[in-house]
Every structure is written in structure tokens, then in C-alpha cells.
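Data first, discussion second: the structure below is written as C-alpha cells.
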Amino acid sequence: MGVAFRPFFGAGEKRYLGRAITLAEDLTGRFYCIPGREWPRYPYELKTLADGPGPAAPAFADVVRLVPDPLAFRPASVHQLFRIRLRDDAILEAAEQRSDGIELFPLLLYVVTHELVHVVRFGAGFANFRVAEHRRRKEEERVHAITRGVLRPVVDAPLRRVFEAYGDETAALALPDCASPK
103 MGVAFRPFFG AGEKRYLGRA ITLAEDLTGR FYCIPGREWP RYPYELKTLA DGPGPAAPAF
163 ADVVRLVPDP LAFRPASVHQ LFRIRLRDDA ILEAAEQRSD GIELFPLLLY VVTHELVHVV
223 RFGAGFANFR VAEHRRRKEE ERVHAITRGV LRPVVDAPLR RVFEAYGDET AALALPDCAS
283 PK
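And the structure:
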């Protein structure tokens with residue numbers, strides 16, 4: 103008998119998510135040479151389906167840009183906020199019901215890292231948030247390759263299965279020097 107479908111992360115999955123966020127921030131920060139104190143330059147929040155609507159199926163996650171109300175109080179440095187929206191149901195289904203051995207933590211790590219790469223690229227001006235569909239596909243390909251490069255220092259068999267399920271591992275970008283734009 104299969105695992106019962108659950109639409110939201112439970113306490114255990116939220117702990118995995120917290121670990122994935124911490125590691126994804128650390129690895130993404132290292133890749134882009136962002137010291138911990140500089141992360142506020144890339145303001146983001148992470149929401150799950152329990153917090154409200156998520157991305158359209160079949161996506162695991164997406165990033166939306168929120169432009170603050172000009173009349174609302176905010177720090178002078180915050181001109182935009184990115185919201186990473188996770189699809190708990192799609193992520194849980196991929197980890198629990200697939201036959202290829204995808205595990206939850208490596209999948210969460212990949213998804214969160216991928217979305218943080220978008221946040222940095224949008225926030226730093228390396229990529230435009232609003233682009234035509236053909237450019238969006240090219241940007242997704244680039245972000246997948248960058249994500250593999252970001253995760254290269256921690257690749258193990260479970261993470262390799264995620265790479266194999268969702269694209270070509272050989273497309274990973276090498277770790278850059280901190281002076282080059284990504």
C-alpha cells in the first residue's frame with residue numbers, strides 16, 4: 103500500500119526544509135561570494151502552500167517579486183522583496199511516490215537553492231524578472247546549470263539522483279572567482 107497523500111509539509115518536513123534553507127543560503131552565498139551580512143541585499147521570504155497559494159502545477163516552486171507600497175514603512179535599502187513559493191504537495195509527491203529513489207532532503211535542497219539563484223540573479227541585475235517566454239526558458243536552463251555548480255561541493259548519491267531526474271548533471275558550472283558576474 104502506498105503512502106497517503108499529504109498536501110502540506112508536516113513538522114518533520116519543515117525541519118528538513120529549515121536545514122535545506124540554511125545550507126542553500128550558505129552554498130549560494132559562497133558561490134556568489136555573498137558574506138552572510140550581505141544577504142539583506144537580496145531580501146526574500148519563503149512560503150509554502152500552508153501560507154497561501156503557490157505556483158501553478160507542475161512546478162515545485164517559483165519566485166514572485168513584490169514591490170513594497172511606497173507609503174509603507176520599510177528600510178531604505180529594500181526596493182523589492184522576492185517571495186519563494188513552494189508547492190508542498192508536488193515536492194512530497196516527488197519524494198514519496200516516485201520509484202527512482204528521490205529523497206526529500208536532497209530534493210528540498212535542490213529546489214531551494216535553485217530559487218535562491220533566481221533571487222540573487224534578479225536582485226543583482228544578472229537577469230531580468232520580466233522577460234519573454236523564450237528568454238525565460240533560456241534563463242531556467244542557465245539557473246539549472248548554476249544550481250548544479252552551487253551544489254557541487256555537497257554532491258552525494260541522493261543529490262545525484264535529483265540531478266538525474268531533473269536534468270543533466272554535466273551541465274554544472276564550475277565555481278567562479280568572486281570577481282566575475284554570474
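Taking my numbering, the leading residue of the sequence shown gets 103, the next gets one more, and so forth.
Backbone N, C-alpha and C fix where the C-beta goes; we use that ideal spot for every residue, glycine too.
query: Runs of 3 residues minimum, wholly inside the stretch 204-240: which ones carry the beta strand (DSSP E) assignment?; result: none
query: Please state whether DSSP places Arg132 in a helix, a strand or coil.; result: helix
query: Expressed to the nearest angstrom, what Euclidean distance is found between the alpha-carbon atoms of Tyr268 and Tyr212?; result: 10 Å
query: Using 8 Å for Cβ pairs, my map puts Ala196 next to Ile186. What's the rounded Cβ distance?; result: Not quite, the Cβ-Cβ distance comes to about 17 Å (not below 8 Å), so this is no contact.
query: Could you compute how far the alpha carbon of Arg262 sits from the alpha carbon of Leu209?; result: 10 Å
query: Using only the alpha-carbon positions, how far apart do Ala234 and Arg167 sit?; result: 16 Å
query: Are the CB atoms of Val214 and Val165 nearer to each other than 8 Å?; result: no
query: Taking 7 Å as the limit between beta carbons, can you name the residues of its chain near Gly154, skipping five residues before and five after?; result: none
query: Which same chain residues, not among the five before or five after Lys149, have their C-beta less than 8 Å away from its C-beta?; result: Gly156, Arg185, Ile186, Arg187 and Leu188
query: Starting from His143 and walking both ways along the beta strand (DSSP E), at which residues does that stretch end?; result: His is not the amino acid found at residue 143; the sequence shown has Arg there. Careful: Arg143 lies outside any beta strand (DSSP E) and carries neither H nor E.
query: Just the C-alpha distance for Pro160 and Ile193, rounded to the nearest angstrom, thanks.; result: 10 Å
query: Secondary structure at Phe265, three-state DSSP: helix, strand or coil?; result: helix
query: By the three-class DSSP mapping on this structure, what secondary structure does Ala196 have?; result: helix
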